[in-house]
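Residue numbers (our numbering), protein chains in the order written: chain A, 1 to 460; chain B, 1001 to 1460.
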């Protein structure tokens, strides 16, 4: 079976057997059958539990072999010592795809774990069954209301495809949830990063690919596939295990061997992958790519309420290739025509003295931003405003959405610090038209990532 | 007059003249008289405006010289060309302290600005009046419900003293507001960083000092004072203008000359100042120091729901001096007694397989954390949990507050990622007992800063 067909069974299963489904019920019971029903999953659910006739009102089976219909995906939630046998039963039932949730295999330090891990590899070799994990949340797909994670998650139809090695990325943050689609490779004994990439490559529901990498079995194939995919969609990678201590811990987490970090750095860059340094930047970069158009040139204008905040953004942009350069003569003159006599407008544009004296400051602000966003010589603009009252936030949300409606082609991001900024940032993210971050540095860093990818795609 | 007495007039004024007070009213009018009344400021307010007999119900004066009573602080909010004359009138009225809000002096590029700036310096020299600014928000003090910023701000009695060069730090974020006390030096033509430091040095309301530095006139005096103060209270510095572009912009923001960044790096470190890289880290580090006790040794335990998240934290801790080292035999055995047979507990402690099989998981979690926080060989602990449901957040807030009540002396921080984490993090911050961050990296970085300062103070 082709990689893509196999991956579809993992991520778009039309039927799923839940082996070791719990009979416990309620909010914290980790009852996957209940979760799937509450998500609104429309596929067939087959709970497998020899001690139950039904779970959450769904008919249960004593073993996977007792299910009459064909099954796309087996989710194996039983203790580690039962897994090789159950995997063999799945193969006998002609199930092609299985997610192994249990841990305690090559990530454990006892001999038993190592032996059970080898048993899994033997079953794969003997039967051809494909395995996600072990030590995985499995897969999730917000577009079909599906997740095999035992933790109940919030599914959001974001155009994002994640491949990760921790269940952490099945969750998200108030301003952004990573799913879309998630594939947790866990200890990646079989299904690996390249398989996930090939699946996302031509997936119309996925616009951005995010990778959380601890280690992998076949980096060569991965880099080859990534180089191709990166020219179609941005690939953002959080490669962890940089430190010696971290690399040791990683071996006991997913049993992976971390390569030298500097080598990863070069390899990822050569493949056209955007490497990020930490989880927050992973979040910011991914959500940036879900919205921002590509940049046509490296010149960016910063328009700010505070000269100090503009400088913070510029500190981050150093060595990014982005230039906060002099504005064109025409743009400078247009801005100065709005300003008091003494003001010599430069970039960053300190908009406060321009609009201060005007009776309708929001109109002047709009004019300033229209001038900047219409300037063909600029590849993008950053806007900063402090949300010092909730009403300022409400006004800002309207102002910014309205602004990008008039300039949809121009890369544009905002930094909105302030005591009341959360609701505005979350609201703008929900509106889905423009990007807002809580600090100047996070907005600037996202812009640096956008330029990195725009260069790659545009040959700039 | 002594530095501290002068600074008290700026930060703890018992009477304030607002020169150029606006007659406009309402939410967005930037009416400082209305702001002060709404904050509940108990000092005397003297609006000065030749075109008004009262402002917001407070008697107004045609000029500062018409005020009969003595005035601690003049806040000059008039256009730049009027400032030198008004400053001279303030001196004649024997006002010792004046904040000049207007911009367009040495930060402007026209000759007029330069000339007006020199006029201010001349008045200072001739009269001895002390000036904060120009181009400043002035000062703020939550403990007396005072702020001279034209933007209405939210005042929080945090034990934090800020000295900055942008009004940005009069605001804050949903989880933390910087004030306490704020001194905006603006273009620091007179009052400088060392003056603010000497004021905060023995201020019982200030436990942590935060500096936002663009540039200063007398770095030698600053470093000398800082070296002394840093042994009493942590000083956290965000020194901006790292990039060449940024350094140029900075000159037009506050007229400061940015020194070579690497020299600043060495000088700040030698003075015992904790240098941070960006605004978010500034926030995190300051709020960390408002709560965390000092570390007694460099060994830290990480307790995590996800091995992957533990590795992210360790990546940040590399080169910090903190060790995520093997647990003691006794602690290891205590943890293993809670765990299933195959588990060989290491550090980071992956708590999920330990507590998974237990009927009351929160009790096991408490036992795990009690074991770690009681271990004398550990200098601190990091705990991680994903807030995947609002109820998990509520439970976590109780759990963590309860935990630190039992171990008040042990440095302890949490990383709480997840779709519903905001409310929990803000709530814990309000409770004021323990620190929570949204990502593993931010918690780890705060710990690295704590160790940096603990070493300095403890000679470790």
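No residue lacks a Cβ here, since even glycine has one placed at the ideal position from N, Cα and C.
Considering only heavy atoms of the ligand FMN, does any lie closer than 7 Å to the CB of residue i?
| i | result |
| --- | --- |
| residue 125 (chain A) | With respect to the ligand FMN, the structure shown offers nothing to examine, as it has no ligands at all. |
Could you check which residue in the options has the C-alpha nearest to that of residue i?
| i | options | result |
| --- | --- | --- |
| residue 326 (chain A) | A:316, A:333, A:346 | A:346 |
| residue 1175 (chain B) | B:1005, B:1429, B:1334 | B:1429 |
| residue 1052 (chain B) | B:1061, B:1460, B:1046 | B:1061 |
| residue 1058 (chain B) | B:1064, B:1321, B:1047, B:1068 | B:1047 |
| residue 1412 (chain B) | B:1220, B:1399, B:1382 | B:1382 |
| residue 159 (chain A) | A:106, A:7, A:292, A:50 | A:292 |
| residue 167 (chain A) | B:1305, B:1108, B:1092 | B:1305 |
| residue 216 (chain A) | A:322, A:184, A:233 | A:184 |
| residue 1470 (chain B) | B:1333, B:1423, B:1029, B:1260 | Residue 1470 (chain B) falls outside the range modelled here, since chain B spans only 1001 to 1460, and no answer is possible. |
| residue 1260 (chain B) | B:1243, B:1269, B:1079 | B:1243 |
| residue 197 (chain A) | A:86, A:24, A:7, A:313 | A:7 |
| residue 27 (chain A) | A:235, A:56, A:237, A:287 | A:56 |
| residue 448 (chain A) | A:358, A:322, A:372 | A:322 |
| residue 1231 (chain B) | B:1452, B:1156, B:1063, B:1108 | B:1452 |
| residue 228 (chain A) | A:193, A:249, A:271, A:266 | A:271 |
| residue 165 (chain A) | A:91, A:128, A:120, A:241 | A:241 |
How far does the alpha helix (DSSP H) with residue i in it reach, from first residue to last?
| i | result |
| --- | --- |
| residue 268 (chain A) | 261-270 |
| residue 1114 (chain B) | 1111-1127 |
| residue 136 (chain A) | From DSSP, residue 136 (chain A) is part of no alpha helix (DSSP H); its letter is neither H nor E. |
| residue 308 (chain A) | 307-317 |
| residue 1090 (chain B) | 1083-1092 |
| residue 287 (chain A) | 279-291 |
| residue 410 (chain A) | From DSSP, residue 410 (chain A) is part of no alpha helix (DSSP H); its letter is neither H nor E. |
What does a CB cutoff of less than 7 Å around residue i pick up in its chain, not counting 5 residues either side in sequence?
| i | result |
| --- | --- |
| residue 169 (chain A) | 162, 178, 182, 212 |
| residue 264 (chain A) | 239 |
| residue 9 (chain A) | 72, 73, 96, 97 |
| residue 1 (chain A) | 96 |
| residue 1361 (chain B) | 1355 |
Classify residue i as helix, strand or coil using the three-state DSSP reduction.
| i | result |
| --- | --- |
| residue 1037 (chain B) | helix |
| residue 1183 (chain B) | strand |
| residue 79 (chain A) | coil |
| residue 1434 (chain B) | coil |
| residue 1325 (chain B) | coil |
| residue 1032 (chain B) | helix |
| residue 1047 (chain B) | strand |
| residue 1023 (chain B) | coil |
| residue 454 (chain A) | helix |
| residue 108 (chain A) | coil |
| residue 52 (chain A) | coil |
| residue 238 (chain A) | strand |
| residue 380 (chain A) | strand |
| residue 1459 (chain B) | coil |
Leaving aside the five residues before and after residue i along the sequence, list all residues of the same chain whose C-beta is less than 8 Å from its C-beta, in chain order.
| i | result |
| --- | --- |
| residue 1420 (chain B) | 1387, 1388, 1389, 1390, 1392, 1393 |
| residue 173 (chain A) | 283 |
| residue 42 (chain A) | 144, 145 |
| residue 1067 (chain B) | 1017, 1046, 1048, 1061, 1093 |
Spatial neighbours of residue i within its chain, please: C-beta separation below 6 Å, excluding the five flanking residues on both sides.
| i | result |
| --- | --- |
| residue 1284 (chain B) | 1442, 1446 |
| residue 1418 (chain B) | 1386, 1387, 1388 |
| residue 436 (chain A) | 414, 416, 425, 428 |
| residue 1200 (chain B) | 1161, 1206, 1209 |
| residue 433 (chain A) | 401, 404 |
| residue 1310 (chain B) | 1302, 1304, 1348 |
| residue 1054 (chain B) | 1060 |
Determine the extent of the beta strand (DSSP E) in which residue i is found, giving its start and end residues.
| i | result |
| --- | --- |
| residue 1010 (chain B) | No beta strand (DSSP E) contains residue 1010 (chain B), which is instead part of the alpha helix (DSSP H) from 1003-1011. |
| residue 1211 (chain B) | 1208-1213 |
| residue 301 (chain A) | 300-304 |
| residue 149 (chain A) | Here residue 149 (chain A) belongs to no beta strand (DSSP E), and DSSP marks it neither H nor E. |
| residue 366 (chain A) | Per DSSP, residue 366 (chain A) belongs to no beta strand (DSSP E); it is in the alpha helix (DSSP H), 361-374. |
| residue 102 (chain A) | Counting along the chain, residue 102 (chain A) falls outside any beta strand (DSSP E), and DSSP gives it neither H nor E. |
Original post:
Does the stretch 115-134 of chain A come close enough to the stretch 184-195 of chain A that 3 or more CB-CB pairs lie under 8 Å?
Top reply: yes
**OP:** Please confirm if the stretch 1274-1292 of chain B is in contact with the stretch 438-445 of chain A, defined as three or more CB-CB distances below 8 Å between the two stretches.
**Re:** yes
Subject >> Touching by the beta-carbon criterion (3+ pairs, under 8 Å), the stretch 1009-1021 of chain B and the stretch 1058-1076 of chain B >> reply: yes
Original post:
Touch check for the stretch 367-377 of chain A and the stretch 297-310 of chain A: three-plus C-beta pairs under 8 Å?
Top reply: yes
Original post:
Touching or not, the stretch 402-413 of chain A and the stretch 1137-1144 of chain B, by the rule of three or more beta carbon pairs under 8 Å?
Top reply: no
Original post:
Hey, is the stretch 147-167 of chain A in contact with the stretch 30-39 of chain A, meaning 3+ C-beta pairs nearer than 8 Å?
Top reply: yes
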